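The opening residue of the sequence shown carries number 166 in the numbering used here; numbering runs sequentially from there.
Glycine included, C-beta positions come from ideal geometry on N, C-alpha and C.
Because the structure is a prediction, the values reported are computed rather than measured.
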Amino acid sequence: MLSRQIADRLRSYETPFYLYDINLLRQTLESVTALSSKYGFKLHYAIKANYDPHILSVIREYGLGADCASGNEVRCAIEAGFSPDGIVYAGVGKKDSEIRYAISQGIFSINCESLQELEVIDRTARELGKVQDIALRINPDIDPKTNSCIDTGQADSKFGISYEEVMANAALIKSYDNIRIRGMHLHIGSQIRELHVFEYLCDKVNAIVDCLSGLGFNFDFVDLGGGLGVNYDIPENEPVPNFASVFTIVNQYLNVSGREVHFEFGRSLVAQCGELITRVLFRKDTATGRKLVVVDASMTELIRPALYGAYHSIENITPREEGKDRYTIVGTACESTDVFNQSLTLPVTSRGDLLSIKSAGAYGMSMASRYNLHDLPGAVYSDEFDR
Ligand code: LLP
Numbered sequence: 166m167l168s169r170q171i172a173d174r175l176r177s178y179e180t181p182f183y184l185y186d187i188n189l190l191r192q193t194l195e196s197v198t199a200l201s202s203k204y205g206f207k208l209h210y211a212i213k214a215n216y217d218p219h220i221l222s223v224i225r226e227y228g229l230g231a232d233c234a235s236g237n238e239v240r241c242a243i244e245a246g247f248s249p250d251g252i253v254y255a256g257v258g259k260k261d262s263e264i265r266y267a268i269s270q271g272i273f274s275i276n277c278e279s280l281q282e283l284e285v286i287d288r289t290a291r292e293l294g295k296v297q298d299i300a301l302r303i304n305p306d307i308d309p310k311t312n313s314c315i316d317t318g319q320a321d322s323k324f325g326i327s328y329e330e331v332m333a334n335a336a337l338i339k340s341y342d343n344i345r346i347r348g349m350h351l352h353i354g355s356q357i358r359e360l361h362v363f364e365y366l367c368d369k370v371n372a373i374v375d376c377l378s379g380l381g382f383n384f385d386f387v388d389l390g391g392g393l394g395v396n397y398d399i400p401e402n403e404p405v406p407n408f409a410s411v412f413t414i415v416n417q418y419l420n421v422s423g424r425e426v427h428f429e430f431g432r433s434l435v436a437q438c439g440e441l442i443t444r445v446l447f448r449k450d451t452a453t454g455r456k457l458v459v460v461d462a463s464m465t466e467l468i469r470p471a472l473y474g475a476y477h478s479i480e481n482i483t484p485r486e487e488g489k490d491r492y493t494i495v496g497t498a499c500e501s502t503d504v505f506n507q508s509l510t511l512p513v514t515s516r517g518d519l520l521s522i523k524s525a526g527a528y529g530m531s532m533a534s535r536y537n538l539h540d541l542p543g544a545v546y547s548d549e550f551d552r
């Protein structure tokens with residue numbers, strides 16, 4: 166882990182900040198692009214995971230497209246140099262102005278999530294004198310076996326159009342003149358670690374594509390979304406996620422002959438290259454005997470533990486005392502849920518030590534807020550040290 170190797174140099178930086186291991190990011194990108202090209206799969210990076218400009222510029226070098234979730238994300242991707250013809254845009258609530266902007270930029274696909282949205286895209290494209298390529302985001306009703314806060318493809322979810330609704334309205338959906346339905350899109354959830362879920366997904370997609378083809382839909386791509394999970398428990402064991410397994414499964418089980426297969430990975434590309442570095446402010450004990458370590462980061466820099474009960478491995482990278490102790494690691498925000506870990510054994514930890522909160526490159530900085538008027542955290546990149 167990078168921070169441990171350069172802990173002495175990190176002492177002088179103002180905390181908290183994100184530390185990004187650009188070499189690890191490159192290794193991850195080399196792995197995913199080499200493996201996907203073996204099967205001819207197309208990749209988009211879900212920029213919601215992290216839109217740090219330097220991270221985006223490195224990812225762009227590897228030829229990925231971008232998956233965006235708002236008009237501003239589309240703009241951000243274009244400004245970062247992603248070509249519009251590699252940009253997909255999903256989102257359950259796209260505003261009229263966002264739809265107009267996306268069409269005007271000529272993006273690869275708007276991934277459409279309701280029948281009403283189709284109507285608005287068609288009308289807007291007509292007003293702009295364009296025909297917009299879209300994909301239907303289908304809700305396949307699959308349990309992705311992940312934290313229920315981040316599952317998106319079960320029947321009652323707000324995401325996508327139900328397959329039944331598409332079947333029942335096939336004629337209407339195909340009737341729009343300013344829309345070209347080029348693809349089918351699915352994204353069933355995030356942090357998926359039980360990979361057999363991707364087998365179910367492929368089985369469902371095969372059945373849906375067959376059935377919708379029978380109804381006259383002519384898809385030329387299937388976009389399976391993102392979702393591949395990472396090892397938060399022991400990140401050192403799996404710094405580069407297991408892209409080979411998911412690609413092998415999809416290659417074996419998906420049967421959509423002649424159609425392009427796309428993925429939109431976020432977390433799996435950037436989670437492990439980021440650490441949140443924070444300094445211990447205070448040590449104190451509660452009346453009940455709990456030993457608190459108060460650090461200078463909080464849910465405003467990394468909200469995942471407070472929002473989803475997410476686990477992040479934490480290490481003291483500058484311990485100065487002998488022995489170990491058990492602590493609760495809490496942040497500075499005025500919220501009782503602002504706890505990074507309830508019960509963690511660390512080397513004896515004291516004021517001034519630096520802690521690394523690991524696997525924080527995805528959905529860390531991009532979900533940061535200014536609650537309590539905290540400053541947003543800075544970023545330090547490993548290639549600054551290489552220069
Ligand atoms: N495509 C779509 C349509 C998505 O909604 C997402 C993530 C992705 C791709 C990328 O998924 P990934 O490969 O990162 O799993 N804030 C949560 C995660 C929310 C994911 C939202 N959608 C967290 O911190 O765990």
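Straight across, the Cα-Cα distance linking residue 484 with residue 174 is about 15 Å. When secondary structure is reduced to three states using DSSP, residue 324 falls in the coil class, being assigned neither helix nor strand. In the DSSP assignment, residue 495 falls within the beta strand (DSSP E) that extends over 489-495. Remark: the shortest separation between the CB of residue 429 and any heavy atom of ligand 1 falls under 6 Å. Counting along the chain, the unbroken beta strand (DSSP E) around residue 512 starts and ends at 504-512.
7 Å or more divides the Cβ of residue 491 from the Cβ of residue 445.
With respect to the 7 Å criterion, residue 413 and residue 354 are not classified as neighbours on the basis of their beta carbons. Residues of the same chain with a CB within less than 7 Å of the CB of residue 369, apart from the 5 flanking positions on each side, are 305 and 307 in chain order. By the criterion of at least three beta-carbon pairs nearer than 8 Å, the stretch 450-468 is not in contact with the stretch 243-261. Inclusion of residue 398 and residue 347 in the CB contact set at 7 Å is not warranted, their separation being larger than that value.
Leaving aside the five residues that flank residue 267 on each side, the residues in its chain whose CB is nearer than 7 Å to its CB run, in chain order, 236, 239, 254 and 275. Residue range 361-379 is occupied by the alpha helix (DSSP H) that includes residue 379. According to DSSP, residue pairing for residue 300 in a beta bridge involves 276 and 348. Distance from the C-beta of residue 355 to the nearest heavy atom of ligand 1 is below 6 Å. With a threshold of 6 Å, the Cβ atom of residue 469 counts as near ligand 1, since some heavy atom of the ligand is closer than that.
With a cutoff of 7 Å on beta-carbon distance, residue 419 and residue 460 are scored as not near each other. The secondary-structure analysis by DSSP pairs residue 177 with nothing; it has no beta-bridge partner.
In this structure, residue 181 places its C-beta atom within 7 Å of the C-beta atom of residue 443. Around the beta carbon of residue 233, 16 or more other beta carbons sit within 10 angstroms, so the residue counts as buried.
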